[in-house]
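Novice: The sequence shown lines up with residues 19 to 430 when you count with the numbering used here. One structure is given below, represented as structure tokens, and several questions about it will come after.
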Amino acid sequence: MTMHLATRMQSLRASDIREILRITQRPSVISFAGGLPAAETFPVEELKAIAGAMLEAEGAQALQYSTTEGHPPLREWIAGRMRRQGAAVSADEILVTSGSQQGLDLVVKAFLEPGDEVLCESPTYLGFIQAAQVFEPRFVEVATDDEGMRIEALEERLAGCRRPRLIYVVPDFQNPSGRRWSVPRRQGLLEVACRHGLPVLEDAPYAEVRFAGEALPSLKALDTHGQVIQLGTFSKIFCPGLRLAWIAAPEELLHRFVILKQATDLHTATFSQMLLVAYLARYDIDDAIERIREVYRRRRDAMIAALEREMPAGVRFTRPDGGLFVWVELPEGVDARALLARCLEREVAFVPGDCFFPSGGHQNTLRLNFSNMPEERIAEGERITEGVARMAGALRTLLAEAREGCKPVPAP
19 MTMHLATRMQ SLRASDIREI LRITQRPSVI SFAGGLPAAE TFPVEELKAI
69 AGAMLEAEGA QALQYSTTEG HPPLREWIAG RMRRQGAAVS ADEILVTSGS
119 QQGLDLVVKA FLEPGDEVLC ESPTYLGFIQ AAQVFEPRFV EVATDDEGMR
169 IEALEERLAG CRRPRLIYVV PDFQNPSGRR WSVPRRQGLL EVACRHGLPV
219 LEDAPYAEVR FAGEALPSLK ALDTHGQVIQ LGTFSKIFCP GLRLAWIAAP
269 EELLHRFVIL KQATDLHTAT FSQMLLVAYL ARYDIDDAIE RIREVYRRRR
319 DAMIAALERE MPAGVRFTRP DGGLFVWVEL PEGVDARALL ARCLEREVAF
369 VPGDCFFPSG GHQNTLRLNF SNMPEERIAE GERITEGVAR MAGALRTLLA
419 EAREGCKPVP AP
């Protein structure tokens with residue numbers, strides 16, 4: 019039987035990260051690949067107790083269909099927290115989604131048509147590239163440095179656009195780079211976007227996973243013209259398996275997302291939402307976030323120390339103050355996929371950086387995750403150190419082969 023798929027399917031491919039994660043299922047592999055939170059921070063015991071009590075009191079409602087917008091007490095809680103962080107948001111401007119990835123899907127579905135232009139950081143989040151690719155836009159990468167998107171570069175890129183529709187950014191501890199935007203860059207972006215009449219999609223999954231420095235105002239908090247759509251999530255500050263996240267947007271625009279979500283999944287799981295509300299009523303989530311920050315701070319420190327000690331000259335890397343990732347730039351001419359092949363032989367995995375650039379290139383870059391270090395066999399710092407040491411050994415081998423004129427190992 020021959021099936022005729024839509025033309026758009028020809029340009030779609032599986033996530034590099036998901037393919038690499040299949041290899042890392044072996045317990046012996048030290049994986050810096052996936053962006054997984056630390057499972058030992060999940061409130062398993064608390065949720066076990068709460069779930070029973072909730073089902074006893076509200077079981078019929080928790081297992082029933084619900085409204086597309088989301089469980090009202092949860093929307094109120096989210097809006098209240100955003101207001102305390104400086105964003106003037108009401109519960110009517112909150113849509114609960116099944117993870118931030120659904121939020122990305124709903125926004126690009128609402129804004130993009132084939133040939134439209136979407137501007138983004140360079141590099142940018144792979145999940146956004148995948149969500150947007152379905153609608154066949156033209157990605158316009160904007161040069162980014164340690165303070166965030168360069169505003170003059172944004173202006174230059176916009177001058178060459180014919181159909182700009184959306185600007186997508188991750189200002190806080192970006193995936194993949196770990197970089198955090200300065201306040202002037204945030205203000206500059208909003209000024210440019212307002213002048214051009216462009217919506218800004220602010221993805222903020224890591225904003226509260228900060229283990230150094232001060233809290234900075236979100237784009238949503240700085241927005242005075244209703245141009246910012248913000249995505250938030252409980253995946254990084256609570257647990258990802260419940261698939262609870264949200265979109266914050268002006269009410270009229272939010273209604274459009276509600277219509278799209280109705281056609282997607284009707285609503286996010288009632289049970290998950292009510293379980294989270296019960297947890298929030300009984301426990302202080304800020305205490306839980308602080309525990310997460312401390313775990314990640316130790317693991318970040320272990321990774322940075324290992325990179326400083328083990329890596330050969332010419333390797334550069336970020337030193338993030340939050341989030342889950344370190345971004346690495348290898349010496350020019352070194353292919354990260356060739357390095358990955360050598361590292362997999364040594365049972366170490368990471369994500370090559372080229373997949374985070376919509377236009378390709380940058381083969382000498384890679385992303386390392388430090389948050390998900392299983393501790394069954396080796397203490398977290400030792401496990402990170404061992405993994406980085408194996409990577410550095412593989413890199414030295416590649417560099418030596420290049421100096422000797424040997425044929426490098428081809429990328430898988």
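Beta carbons: idealized from backbone N, C-alpha and C, even for Gly. Fair warning: this is a prediction, and the values are worked out from it, not measured in the lab.
Tell me which residue opens and which closes the beta strand (DSSP E) that Asp221 is part of.
Specialist: Here the question's residue 221 lines up with position 203 in the sequence shown. Start and end: Val218 to Asp221.
Novice: Tell me Asn387's beta-bridge partners as DSSP assigns them.
Specialist: For the purposes of this step, residue 387 is taken as the residue at position 369 of the sequence shown. Answer by DSSP bridge pairing, in chain order: Phe343.
Novice: Counting only the same chain and skipping the five closest in sequence on each side, list residues whose C-beta sits under 8 Å from that of Glu63.
Specialist: The sequence position of residue 63 within the sequence shown is 45, counting from 1. None.
Novice: Here's a check: name, in chain order, each residue in its chain whose Cβ is nearer than 8 Å to the Cβ of Met432, leaving out the five neighbours to either side.
Specialist: Nothing can be reported for residue 432, as the shown portion of the chain is limited to 19 through 430.
Novice: Between which two residues does the beta strand (DSSP E) carrying Ala161 extend?
Specialist: Residue numbering aside, residue 161 sits at position 143 when the sequence shown is read from its first letter. Arg156 to Asp163 is the extent of the beta strand (DSSP E) around Ala161.
Novice: How far does the alpha helix (DSSP H) with Ser118 in it reach, from first residue to last?
Specialist: Here residue 118 refers to the residue found at position 100 when the sequence shown is read from its first residue. From DSSP, the alpha helix (DSSP H) with Ser118 extends over Ser118 to Phe129.
Novice: What number of angstroms, rounded off, separates the C-alpha of Ala109 from the C-alpha of Ala266?
Specialist: As a working mapping, residue 109 is identified with position 91 in the sequence shown. As a working mapping, residue 266 is identified with position 248 in the sequence shown. Whole-angstrom Cα-Cα distance: 9 Å.
Novice: Tell me whether the region 47 to 61 and the region 365 to 383 touch, counting them as touching only if at least three CB pairs, one residue from each stretch, are closer than 8 Å.
Specialist: Yes, they touch.
Novice: Could you tell me the boundaries of the alpha helix (DSSP H) in which Ala320 lies?
Specialist: Residue numbering aside, residue 320 sits at position 302 when the sequence shown is read from its first letter. Note, Ala320: alpha helix (DSSP H), Ile303 to Glu328.
Novice: Between the beta-carbon of Thr336 and the beta-carbon of Gly117, is there less than 8 Å?
Specialist: The residue labelled residue 336 in the question sits at position 318 within the sequence shown. The residue labelled residue 117 in the question sits at position 99 within the sequence shown. No, Cβ-Cβ distance for Thr336 and Gly117 is not below 8 Å.
Novice: Would you tell me roughly how many angstroms separate the C-alpha atoms of Arg408 and Thr415, rounded to the nearest one?
Specialist: Residue numbering aside, residue 408 sits at position 390 when the sequence shown is read from its first letter. Residue numbering aside, residue 415 sits at position 397 when the sequence shown is read from its first letter. The straight-line gap from Cα to Cα measures roughly 11 Å.
Novice: With distance defined between alpha-carbon atoms, name the residue in Val333, Trp264 and Met321 nearest to Asp13.
Specialist: The question about residue 13 has no answer, for the chain in this structure spans 19 to 430.
Novice: Where does Glu63 fall in DSSP's three states?
Specialist: Reading the sequence shown from its first residue, position 45 is the one you call residue 63. Helix, per DSSP.
Novice: Cβ atoms of Val352 and Asn382: under 8 Å apart, would you say?
Specialist: Here residue 382 refers to the residue found at position 364 when the sequence shown is read from its first residue. Here residue 352 refers to the residue found at position 334 when the sequence shown is read from its first residue. Yes, the pair counts as a contact, with Cβ atoms nearer than the cut-off.
Novice: In its own chain, which residues sit with a C-beta less than 6 Å from the C-beta of Gly411, not counting the 5 before and 5 after it?
Specialist: The residue given as residue 411 occupies position 393 in the sequence shown. No residues qualify anywhere along the chain.
Novice: By alpha-carbon positions, which one of Val333, Val160 and Glu173 ends up nearest to Glu350?
Specialist: Taking the sequence shown and counting its residues from 1, the one referred to as residue 350 is at position 332. Considering only alpha carbons, the answer is Val333.
Novice: How many angstroms separate the CA atom of Ala78 from the CA atom of Ala211?
Specialist: The residue you call residue 78 lines up with position 60 of the sequence shown. The residue you call residue 211 lines up with position 193 of the sequence shown. Taking the straight line joining both Cα atoms gives about 46 Å.
Novice: Leu219 and Leu184 - do their beta-carbons sit closer together than 8 Å?
Specialist: Against the sequence shown, residue 184 aligns to sequence position 166. Against the sequence shown, residue 219 aligns to sequence position 201. It is a contact, given that the beta carbons lie within the stated cut-off.
Novice: Given Val427, which residues of its chain have a CB within under 7 Å of its CB, disregarding the five upstream and five downstream residues?
Specialist: For the purposes of this step, residue 427 is identified with residue 409 of the sequence shown, where counting begins at 1. For Val427, the pLDDT reaches just 47, beneath the cut-off of 50, and the residue's location in the model is therefore unreliable, leaving the point undetermined.
Novice: To the nearest angstrom, report how far apart Pro217 and His380 are at their CA atoms.
Specialist: Residue mapping note: residue 217 aligns to position 199 of the sequence shown, counting from 1. Residue mapping note: residue 380 aligns to position 362 of the sequence shown, counting from 1. If you take the alpha carbons of Pro217 and His380, they lie about 28 Å apart.
Novice: Exposed or buried, what is Lys66 when buried is set at 16 or more other beta-carbons lying within 10 Å of its beta-carbon?
Specialist: Taking the sequence shown and counting its residues from 1, the one referred to as residue 66 is at position 48. Label assigned to Lys66: exposed.
Novice: Apart from the five residues on each side of it in sequence, which residues of its chain come closer than 6 Å, Cβ to Cβ, to Leu260?
Specialist: Residue numbering aside, residue 260 sits at position 242 when the sequence shown is read from its first letter. Answer for Leu260: Ser290, listed in chain order.
Novice: Note down the Cα distance separating Phe375 from Leu122, rounded to an integer number of angstroms.
Specialist: Residue numbering aside, residue 375 sits at position 357 when the sequence shown is read from its first letter. Residue numbering aside, residue 122 sits at position 104 when the sequence shown is read from its first letter. Distance between the alpha carbons of Phe375 and Leu122 is about 17 Å.
Novice: Under the three-state reduction of DSSP, which class applies to Ser290: helix, strand or coil?
Specialist: As a first step, residue 290 is located in the sequence shown; it is residue number 272 there, counting from the start. Helix.
Novice: DSSP three-state call for Gln82: helix, strand or coil?
Specialist: The count along the sequence shown starts at 1 and reaches residue 82 at position 64. DSSP places Gln82 in coil when its eight states are reduced to three.
Novice: Report the residue from Ala230, Arg401 and Leu240 whose alpha carbon sits nearest the alpha carbon of Arg203.
Specialist: Here residue 203 is taken as the residue at index 185 of the sequence shown, counted from 1. Out of Ala230, Arg401 and Leu240, Leu240 has the C-alpha closest to the C-alpha of Arg203.
Novice: Note down, in chain order, each residue of its chain lying with its Cβ closer than 7 Å to the Cβ of Gly423, except the 5 sequence neighbours on either side.
Specialist: Stepping through the sequence shown from its first residue, residue 423 is reached at position 405. Within the same chain, Gly423 has no close Cβ partners at all.
Novice: Between the C-alpha atoms of Ala420 and Glu111, what's the straight-line distance to the nearest angstrom?
Specialist: The residue you call residue 420 lines up with position 402 of the sequence shown. The residue you call residue 111 lines up with position 93 of the sequence shown. Straight-line Cα distance between these residues: approximately 56 Å.
Novice: Which residue spans inside the region 157 to 202 form an unbroken alpha helix (DSSP H) run of at least 4?
Specialist: Entirely contained in the region 157 to 202, the alpha helix (DSSP H) runs reaching 4 residues are, in chain order, 169 to 177.
Novice: For Ile96, name the three-state secondary structure that DSSP assigns.
Specialist: Position 78 of the sequence shown holds residue 96. Note: Ile96 maps to helix in three-state DSSP.
Novice: Is Ala367 helix, strand or coil by DSSP?
Specialist: As a first step, residue 367 is located in the sequence shown; it is residue number 349 there, counting from the start. In this structure, Ala367 counts as strand in the three-state DSSP scheme.
Novice: Since Leu260 sits in a beta bridge, which residues does DSSP pair it with?
Specialist: Locating residue 260 in the sequence shown gives position 242, where the first residue counts as 1. Leu260 is not bridged to any residue.
Novice: Quick one: what's got a C-beta closer than 8 Å to Ala323's C-beta in the same chain, skipping five residues either side?
Specialist: For this step, residue 323 is matched to residue 305 along the sequence shown. Result list for Ala323: Thr403, in chain order.
Novice: Beta-carbon within less than 6 Å of Ala418's beta-carbon, same chain only, minus the 5 sequence neighbours each way: which residues are those?
Specialist: Here residue 418 corresponds to residue number 400 of the sequence shown, with the count starting at 1. Result list for Ala418: empty, nothing under 6 Å.
Novice: Only counting the same chain, and skipping five residues up and downstream in sequence, which positions put a Cβ closer than 8 Å to that of Trp95?
Specialist: For the purposes of this step, residue 95 is identified with residue 77 of the sequence shown, where counting begins at 1. The residues are Val295 and Leu298.
Novice: Sorted by chain position, which residues of the same chain lie with C-beta nearer than 6 Å to Phe388's C-beta, five sequence neighbours on each side aside?
Specialist: The residue labelled residue 388 in the question sits at position 370 within the sequence shown. Closer than 6 Å at Cβ, skipping near neighbours: Arg317, Arg318 and Met321.
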